[in-house]
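The opening residue of the sequence shown carries number 42 in the working numbering; numbering runs sequentially from there. A short write-up of the structure that comes next.
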Amino acid sequence: MEDRHATRRSIEKTIILNAGESKRLRPLTNGIPKCLLKLDNTTILEHQLHTLKKFGILEIVLVVGYHSEMIIQKVKQSQLGLTVRFVHNSIYYKTNTVYSLWLAKNEMNKDFIFLNGDVVFHQDILKRLIDCGHDNCLAIDKKTVKEEEVKVQIADGKIKKIGKEVEPTKAHGEFVGIAKFSQKITKPFKKSLDEVVREGKVEAFFELAVDHLLGDYNIYAVDVSDFPCVEIDTYEDYKQARQIYQGMTKIR
Numbered sequence: 042m043e044d045r046h047a048t049r050r051s052i053e054k055t056i057i058l059n060a061g062e063s064k065r066l067r068p069l070t071n072g073i074p075k076c077l078l079k080l081d082n083t084t085i086l087e088h089q090l091h092t093l094k095k096f097g098i099l100e101i102v103l104v105v106g107y108h109s110e111m112i113i114q115k116v117k118q119s120q121l122g123l124t125v126r127f128v129h130n131s132i133y134y135k136t137n138t139v140y141s142l143w144l145a146k147n148e149m150n151k152d153f154i155f156l157n158g159d160v161v162f163h164q165d166i167l168k169r170l171i172d173c174g175h176d177n178c179l180a181i182d183k184k185t186v187k188e189e190e191v192k193v194q195i196a197d198g199k200i201k202k203i204g205k206e207v208e209p210t211k212a213h214g215e216f217v218g219i220a221k222f223s224q225k226i227t228k229p230f231k232k233s234l235d236e237v238v239r240e241g242k243v244e245a246f247f248e249l250a251v252d253h254l255l256g257d258y259n260i261y262a263v264d265v266s267d268f269p270c271v272e273i274d275t276y277e278d279y280k281q282a283r284q285i286y287q288g289m290t291k292i293r
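Encoded structure:
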């Protein structure tokens with residue numbers, strides 16, 4: 042088992058997954074990708090990009106699929122001074138996040154932040170990940186979890202198991218869809234993604250590839266339970282995300 046303990050380094054790159062159809066949010070997502078839903082006077086995507094820019098993360102890779110042209114147009118209009126590249130998942134309608142990240146594996150060439158494209162979060166979550174003393178870590182909301190959530194088991198501060206199939210009674214919290222990975226782990230991470238896709242598990246979540254690494258690499262849990270964060274899967278999630286965003290805006 043390799044110990045990935047790090048001194049703090051600057052992070053310059055982010056990979057964001059925004060390819061899916063978000064069927065559970067219909068009719069809100071009829072004809073529009075989830076990341077372009079409005080929080081207030083801004084979209085989920087713009088919220089994420091503004092937050093990344095605050096931390097000097099200016100190199101953005103967006104994996105797109107469903108109505109990708111709308112996302113590309115929004116980025117062009119935003120004029121945030123970011124370097125944005127697009128990776129296209131042309132079969133977004135029959136694949137999941139493991140396939141989308143696999144398509145972007147060649148972009149895993151330096152330390153990077155991973156973001157699910159539907160996460161609304163307090164900026165201090167990102168700060169805590171960047172500042173923590175570990176190369177590879179996941180933001181975890183330590184709470185009682187349900188069946189549908191991406192659950193984690195933790196021991197000695199390290200992730201021991203991750204996935205929706207983890208039994209809720211044995212889980213220590215939920216992965217909120219924000220992570221930090223170092224260049225040191227990218228070679229085995231790519232190999233793990235290759236293996237999952239080669240096995241035909243293209244409808245799996247990317248956390249399956251992470252889970253395959255846990256026997257040989259330390260990936261740490263960073264507790265962010267004290268900050269507001271929501272991953273938007275349902276209308277209730279979206280309603281909560283809008284309230285969270287508006288609350289964060291008021292106290293800035």
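Beta carbons: idealized from backbone N, C-alpha and C, even for Gly.
So with Cβ pairs under 8 Å, would you call residue i a contact of chain D?
i: residue 250; result: Among the chains in the structure shown there is no chain D, since it carries only a single protein chain.
How big is the Cα-Cα spacing for residue i and residue j?
i: residue 90; j: residue 197; result: 33 Å
i: residue 257; j: residue 180; result: 20 Å
i: residue 93; j: residue 53; result: 9 Å
i: residue 205; j: residue 215; result: 9 Å
i: residue 109; j: residue 83; result: 18 Å
i: residue 165; j: residue 268; result: 7 Å
i: residue 236; j: residue 177; result: 20 Å
i: residue 208; j: residue 189; result: 10 Å
i: residue 146; j: residue 231; result: 6 Å
i: residue 184; j: residue 174; result: 23 Å
i: residue 223; j: residue 88; result: 24 Å
i: residue 210; j: residue 262; result: 18 Å
i: residue 148; j: residue 281; result: 32 Å
i: residue 112; j: residue 240; result: 31 Å
i: residue 65; j: residue 225; result: 36 Å
i: residue 104; j: residue 152; result: 18 Å
i: residue 289; j: residue 74; result: 24 Å
i: residue 118; j: residue 106; result: 19 Å
i: residue 163; j: residue 116; result: 21 Å
i: residue 51; j: residue 120; result: 23 Å
i: residue 229; j: residue 213; result: 26 Å
i: residue 114; j: residue 67; result: 22 Å
i: residue 238; j: residue 227; result: 16 Å
i: residue 78; j: residue 135; result: 22 Å
Here's the rule I'm using: 16 or more other beta-carbon atoms within 10 Å means buried, otherwise exposed. How should residue i be labelled?
i: residue 48; result: With a pLDDT of 45 at residue 48, under the threshold of 50, the modelled position of that residue is not reliable, and the figure given next carries that caveat. Result: exposed.
i: residue 59; result: buried
i: residue 137; result: buried
i: residue 133; result: buried
i: residue 63; result: buried
i: residue 192; result: buried
i: residue 150; result: exposed
i: residue 172; result: exposed
i: residue 61; result: buried
i: residue 276; result: exposed
i: residue 72; result: exposed
i: residue 122; result: exposed
i: residue 86; result: buried
Going by the CB atoms, is the gap between residue j and residue i shorter than 8 Å?
i: residue 264; j: residue 202; result: no
i: residue 140; j: residue 217; result: no
i: residue 76; j: residue 158; result: yes
i: residue 69; j: residue 279; result: yes
i: residue 221; j: residue 255; result: no
i: residue 56; j: residue 155; result: yes
i: residue 283; j: residue 80; result: yes
i: residue 161; j: residue 219; result: no
i: residue 234; j: residue 143; result: yes
i: residue 182; j: residue 131; result: no
Under the assumption that residue i contacts residue j (Cβ atoms under 8 Å), give the Cβ distance between them as a whole number of angstroms.
i: residue 259; j: residue 199; result: 5 Å
i: residue 168; j: residue 246; result: With 8 Å as the limit, residue 168 and residue 246 do not qualify as a contact, their Cβ atoms being about 26 Å apart.
i: residue 128; j: residue 101; result: At roughly 11 Å, the Cβ-Cβ gap does not stay under 8 Å, so residue 128 and residue 101 are not in contact.
So within the stretch 241-286, which uninterrupted alpha helix (DSSP H) runs reach at least 4 residues, ignoring any that extend past its ends? Those alpha helix (DSSP H) runs which fall completely within the stretch 241-286 and span 4+ residues are 248-252.
Within the stretch 111-181, note down every full beta strand (DSSP E) run reaching 3 residues or more, in order along the chain. With a minimum length of 3 residues, the unbroken runs of beta strand (DSSP E) contained wholly in the stretch 111-181 fall at 124-129, 153-157 and 160-162.
Enumerated in chain order, which unbroken segments of the alpha helix (DSSP H) with a length of 4 residues or greater are wholly contained in the stretch 45-96? 85-95, all fully within the stretch 45-96.
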